[in-house]
Amino acid sequence: MLHTGQPAPGFSLPDSDMEYFDFESLRGHQHVVLFFYPRDGTPLCAQEAIDFSDHEEEFKRLGCQIIGVSRDDFLSHADFRDRFGLSVRLLSDVEGEVCRKYGVCQMREKDGHRKLCVIRSTFIIDRDGIIRHAFYGITPKGHAATVYQLVKELNGSGKHSCKSKKTLSSH
Numbered sequence: 001m002l003h004t005g006q007p008a009p010g011f012s013l014p015d016s017d018m019e020y021f022d023f024e025s026l027r028g029h030q031h032v033v034l035f036f037y038p039r040d041g042t043p044l045c046a047q048e049a050i051d052f053s054d055h056e057e058e059f060k061r062l063g064c065q066i067i068g069v070s071r072d073d074f075l076s077h078a079d080f081r082d083r084f085g086l087s088v089r090l091l092s093d094v095e096g097e098v099c100r101k102y103g104v105c106q107m108r109e110k111d112g113h114r115k116l117c118v119i120r121s122t123f124i125i126d127r128d129g130i131i132r133h134a135f136y137g138i139t140p141k142g143h144a145a146t147v148y149q150l151v152k153e154l155n156g157s158g159k160h161s162c163k164s165k166k167t168l169s170s171h
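Residue 1 is where the sequence shown starts when you use UniProt numbering, and the numbers rise one by one after that.
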């Protein structure tokens, strides 16, 4: 598991359009909310991705990009994105390499078969590539609002300076 104060591991993964995203391209430029989720289309994963998508513009105004990662392939991501109207970038880590780097994998056994599963986790990474907050085993409801407040604090914005009509704290 990664912890606050550690450098965020770099990576390059394909998104739902099969375009590669290089994490290093954001270093020095933007904060990153990197969320890992178990599987496309499941109710809790959809809730989390929808919540982040609904407020993506507010995060962008804080100089923050939101990126979701799961072990689903890019075709599954494209379907998930289109079915739920998602705007956040979804990256495909089919082999689980990035999930392992971030310590969000765990082996589970079901019906006698062992399977590598993703723990729902979120990392707030500053412009310098340092992990400022790491959350493991999160509950999606209200999580985007919590993350938003923490990103605001990274910018020195405080807890009550949001002037957007659509506030995250209303969830």
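All C-beta atoms in this analysis are idealised placements derived from N, C-alpha and C, irrespective of residue type, glycine included.
Distance between residue j and residue i (C-alpha atoms, nearest Å)
i	j	result
P9	Y102	7 Å
P7	C105	19 Å
F74	V32	21 Å
N155	L62	7 Å
H29	K110	43 Å
D72	D126	26 Å
R100	K115	14 Å
H143	H113	32 Å
V94	F80	15 Å
G137	R108	15 Å
Enclosing beta strand (DSSP E) for residue i [first to last residue]
i	result
T139	Counting along the chain, T139 falls outside any beta strand (DSSP E), and DSSP gives it neither H nor E.
E109	C105 to K110
D22	Y20 to D22
Check whether residue i and residue j have beta carbons under 8 Å apart
i	j	result
I124	R132	yes
I66	F59	yes
S16	L90	yes
K152	Q47	no
Span of the alpha helix (DSSP H), counted from its first residue to its last, around residue i
i	result
H77	F74 to F84
F52	P43 to D54
V98	E97 to K101
Expected contact under 8 Å - CB spacing of residue i and residue j to nearest Å
i	j	result
S70	F21	S70 to F21, Cβ: 14 Å. No contact.
H77	D40	6 Å
E56	V88	6 Å
Given residue i as reference, the closest of the options once Cα atoms are compared
i	options	result
D54	E19, P14, T42 and G85	G85
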